[in-house]
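One line per chain: the protein sequences are A and B, in this order.
Throughout, this note's numbering is defined as the position within the first sequence, counted from one, plus 69.
Throughout, this note's numbering is defined as the position within the second sequence, counted from one, plus 435.
Heads up, the beta-carbon is just placed ideally off N, CA and C, and yes, glycines get one too.
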Amino acid sequence: MELFDKYTKMTDLVHRNYLLLPVINRFEISLGFHDKTISDVCHEKGIDLHFFLAIVNAFHNHEYFPEDELQSFSSELIINYLRKSHMEFKRSSLPKIEALLDKLVKNSNSNDLKIIQTFYNKYKTELLEHILDEEENAFPYVLELQKAYDQKISPLPDNVANYSIQSFEKEHTNVDEKLFDLKNIIIKYLEPNYIEKDCNDFLFELFQFERDLTDHARIEDKILVPKVMNIEKELKDE
Amino acid sequence: MNNRIIVIHPSEIIRQGLHSIVKNLFDIDAVLLGQIEDLKSYVEIRKTRILLLVDSQLNNDQFTKTAEVFKKYNSVKIVLLRDSFSKSNCKGDCDCCFSIIASKSRIFEIIDPYLQQDSNSNARQDVTELTERETDVIKQVALGKTNKEIAATLFISFHTVISHRKNITEKLGIKSISGLTVYAILNKLIDTNTIDPESLI
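Have a look at this one:
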């Protein structure tokens with residue numbers, strides 16, 4: 070298993086794993102690296118080098134996940150990254166998937182595919198609700214909590230004292246299950262009376278989106294939530 | 436099952452040496468760690484046959500505890516690396532340790548049997564269609580019925596419904612209710628002339 074370090078050239082990073090491209094973009098890094106290393110680029114852009122390395126390495130190696138190190142980063146840094154990926158899902162990933170599904174359905178005349186489309190729409194609605202809930206409730210709560218913790222505000226303001234992260238962050242399993250089911254039904258049970266190329270394009274995009282989402286959910290469930298729970302414990306048990 | 440080899444040894448020379456030997460013998464890229472604490476970053480490993488090559492001096496409580504975490508989801512085998520001066524506690528040629536001056540063929544002898552385990556017994560999972568009763572249950576699920584309602588309609592116990600649903604999900608590889616509903620519609624288990632399928636999903 071290979072781990073990237075600060076001496077790795079940005080160009081090599083992309084050559085080794087092009088799926089990291091959107092991850093890099095979330096840090097507002099664009100291509101045209103010349104011979105710059107990860108360290109050079111992070112320094113230039115004012116990006117936390119260790120955070121960047123932890124994120125790309127955890128994405129690149131599914132089995133690598135330095136929980137302790139990742140939890141040591143500030144809530145703001147983590148949330149900022151999560152928000153960027155939300156935005157990308159909404160503006161880029163989902164519209165792209167939809168366009169491909171539309172094309173698949175239109176070129177096929179299959180009623181079954183319309184059922185699949187309905188299922189996708191249901192999935193999308195749930196996913197967007199989940200994202201909105203995090204953006205409007207969970208993230209602001211975490212940031213307020215972190216502020217109260219850092220500035221030792223006592224007593225805790227109501228909008229912090231009366232909530233806990235667990236009241237916001239429901240497990241991702243429900244939403245994730247639907248995405249897996251969607252793929253599996255197409256691969257396993259859908260009558261193949263459609264244009265294969267269209268279907269492949271759609272599935273490729275779904276697989277890639279699933280990978281992005283899994284990585285995203287892992288950062289929320291295993292980094293942000295435990296981190297916040299630790300802060301809550303310290304603040305509220307006093 | 437995947438094979439993975441993790442080397443934990445404070446000596447960079449020994450780590451790199453084992454990496455090169457293992458790569459050469461088995462074409463496996465071993466993970467190299469300098470200390471036990473680093474093992475924690477790999478707790479995500481699942482369904483893997485893990486071979487831990489550990490410096491015998493690191494074989495303490497902390498190590499045992501960390502290794503336990505892996506055993507939950509993986510098959511784990513620990514081989515200790517003795518330095519050439521320390522005596523072995525084992526009699527003769529045991530398969531749980533070797534000295535760092537062991538020959539390449541000796542290392543092969545110890546590691547190989549472990550990596551080969553069950554590679555012949557690739558028992559394929561039986562593919563089975565749904566039983567009649569399971570089909571009855573999935574129809575009801577697709578119609579949006581709760582487990583309690585299904586039990587009442589089919590005259591079976593609540594627990595039997597749960598057990599059928601578990602089997603259905605395992606056989607089909609579909610977990611969500613919407614997904615099961617889609618399956619039922621595609622397979623014409625429910626009459627979509629009388630019910631609008633969109634309202635069910």
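Inset, instruction - Sort A/Asn269, A/Arg287, A/Ser143, A/Tyr189 by Cα distance to A/Val211 and report the nearest one. - result: In the first sequence, counting from the first residue as 1, residue 211 of chain A sits at position 142. The residue with the shortest Cα to Cα distance from A/Val211 is A/Ser143.
Inset, instruction - Look at the Cβ atom of A/Ala217, then the Cβ atom of A/Leu304, and state whether they are nearer than 8 Å. - result: As a working note, residue 217 of chain A is residue 148 in the first sequence. As a working note, residue 304 of chain A is residue 235 in the first sequence. Cβ distance < 8 Å, so A/Ala217 and A/Leu304 count as in contact.
Legend entry - C-alpha distance - A/Lys183 paired with A/Ala207, whole-angstrom precision: Taking the first residue of the first sequence as 1, we reach residue 183 of chain A at position 114. Taking the first residue of the first sequence as 1, we reach residue 207 of chain A at position 138. One C-alpha to the other measures close to 35 Å.
Legend entry - Cβ-based burial, A/Ala230 [other Cβ within 10 Å; buried from 16]: Here residue 230 of chain A is taken as the residue at index 161 of the first sequence, counted from 1. Exposed: under 16 other Cβ atoms inside 10 Å.
Inset, instruction - Using a Cβ cut-off of 7 Å, pull out every chain A residue sitting near B/Ile620, in sequence order please. - result: Sequence index remark: in the second sequence, residue 620 of chain B carries index 185 (1-based). Residues of chain A whose Cβ lies closer than 7 Å to the Cβ of B/Ile620 are, in chain order, Ile184.
Legend entry - C-beta contact flag for A/Asn149 and A/Leu72 at 8 Å: Translated into positions along the first sequence, residue 149 of chain A becomes position 80. Translated into positions along the first sequence, residue 72 of chain A becomes position 3. No, these two residues do not count as a Cβ contact at 8 Å.
Inset, instruction - Verify the CB distance criterion: does A/Leu259 have a CB-CB separation below 8 Å to chain B? - result: Within the first sequence, numbered from 1, the residue matching residue 259 of chain A stands at position 190. Cβ-Cβ to chain B under 8 Å: yes for A/Leu259.
Legend entry - Amino acids of chain B, ordered along the chain, whose beta-carbon sits closer than 7 Å to that of A/Pro135: Residue 135 of chain A sits at position 66 when you count from the first residue of the first sequence. Within 7 Å Cβ-Cβ: Ser476.
Legend entry - C-beta neighbour in chain B for A/Val174, strict 8 Å: Residue mapping note: residue 174 of chain A aligns to position 105 of the first sequence, counting from 1. Chain B contact via Cβ: absent.
Legend entry - Endpoints, alpha helix (DSSP H) assigned at B/Val489: Here residue 489 of chain B is taken as the residue at index 54 of the second sequence, counted from 1. Here B/Val489 belongs to no alpha helix (DSSP H); instead the beta strand (DSSP E) covers 483 to 490.
Legend entry - CB contact check: A/Phe121 to chain B, cutoff 8 Å: One-based indexing of the first sequence puts residue 121 of chain A at position 52. Not an interface residue.
Inset, instruction - Out of B/Ile612, B/Ile449, B/Glu633, B/Val457, state which residue places its alpha-carbon closest to the alpha-carbon of B/Glu544. - result: Within the second sequence, residue 544 of chain B is the residue found at index 109, counting from 1. If we check each option's Cα against that of B/Glu544, B/Val457 comes out closest.
Inset, instruction - In the DSSP assignment, find the unbroken alpha helix (DSSP H) run with A/Ser161 in it and report its ends. - result: As a working mapping, residue 161 of chain A is identified with position 92 in the first sequence. That residue, A/Ser161, is in no alpha helix (DSSP H); it is neither H nor E in DSSP.
Legend entry - Residue ranges of each alpha helix (DSSP H) within the stretch 187 to 256 of chain A, 4 or longer: 208 to 219, 227 to 230, 234 to 237
Inset, instruction - Assuming B/Ser476 contacts A/Phe120 (C-beta within less than 8 Å), just tell me the rounded distance between them. - result: Reading the second sequence from its first residue, position 41 is the one you call residue 476 of chain B. Reading the first sequence from its first residue, position 51 is the one you call residue 120 of chain A. Not quite, the Cβ-Cβ distance comes to about 15 Å (not below 8 Å), so this is no contact.
Legend entry - Alpha carbon of A/Ile234 to alpha carbon of A/Pro226, nearest angstrom: Counted from its first residue, the first sequence places residue 234 of chain A at position 165. Counted from its first residue, the first sequence places residue 226 of chain A at position 157. A/Ile234 and A/Pro226: Cα-Cα distance of roughly 15 Å.
Inset, instruction - Under 8 Å by Cβ, that's how I've got A/Ile255 and B/Ile609 pegged, so tell me the actual separation to the nearest angstrom. - result: By one-based count along the first sequence, residue 255 of chain A stands at place 186. By one-based count along the second sequence, residue 609 of chain B stands at place 174. The Cβ separation is near 12 Å, so there is no contact.
Inset, instruction - Consider the Cβ of B/Ser611: report whether some Cβ of chain A lies at a distance smaller than 8 Å. - result: Along the second sequence, one-based indexing puts residue 611 of chain B at 176. Taking Cβ atoms only, chain A reaches closer than 8 Å to B/Ser611, which makes this a yes.
Legend entry - B/Thr616 vs B/Leu635 beta-carbon contact at 8 Å: Numbered from 1 along the second sequence, position 181 holds the residue referred to as residue 616 of chain B. Numbered from 1 along the second sequence, position 200 holds the residue referred to as residue 635 of chain B. Yes.
Inset, instruction - Using 7 Å as the cut-off, classify the Cβ of A/Gln220 as near or not near the heavy atoms of the ligand HEM, replying yes or no. - result: Among the ligands in the structure shown, none appear at all, so the ligand HEM cannot be discussed.
Legend entry - Which listed residue (B/Asp464, B/Asn437, B/Asn438) has its alpha carbon closest to that of B/Arg450: Start at 1 with the first residue of the second sequence, and residue 450 of chain B comes out as number 15. For B/Arg450, the nearest C-alpha among the options comes from B/Asp464.
Inset, instruction - Measure the alpha-carbon distance for A/Ile222 versus A/Gln215 and round it to whole angstroms. - result: Sequence index remark: in the first sequence, residue 222 of chain A carries index 153 (1-based). Sequence index remark: in the first sequence, residue 215 of chain A carries index 146 (1-based). One C-alpha to the other measures close to 10 Å.
Inset, instruction - Could you work out which residue in B/Thr499, B/His599, B/Asn509 is closest to B/Leu515 when comparing CA atoms only? - result: Position 80 of the second sequence, counting from 1, holds the residue named residue 515 of chain B. Comparing Cα-Cα distances from B/Leu515 to each of B/Thr499, B/His599, B/Asn509, the minimum goes to B/Thr499.
Legend entry - Alpha-carbon to alpha-carbon, A/His131 and B/Cys531: Translated into positions along the second sequence, residue 531 of chain B becomes position 96. Translated into positions along the first sequence, residue 131 of chain A becomes position 62. Cα to Cα, B/Cys531 sits roughly 29 Å from A/His131.
Legend entry - Beta carbon of B/Ile441 nearer than 8 Å to that of B/Val466: Counting from 1 along the second sequence, the entry for residue 441 of chain B is found at position 6. Counting from 1 along the second sequence, the entry for residue 466 of chain B is found at position 31. The answer is yes: Cβ separation under 8 Å.
Inset, instruction - With DSSP collapsed to three states, give me the class of B/Asn437. - result: Position 2 of the second sequence, counted from the first residue, corresponds to residue 437 of chain B. In this structure, B/Asn437 counts as strand in the three-state DSSP scheme.
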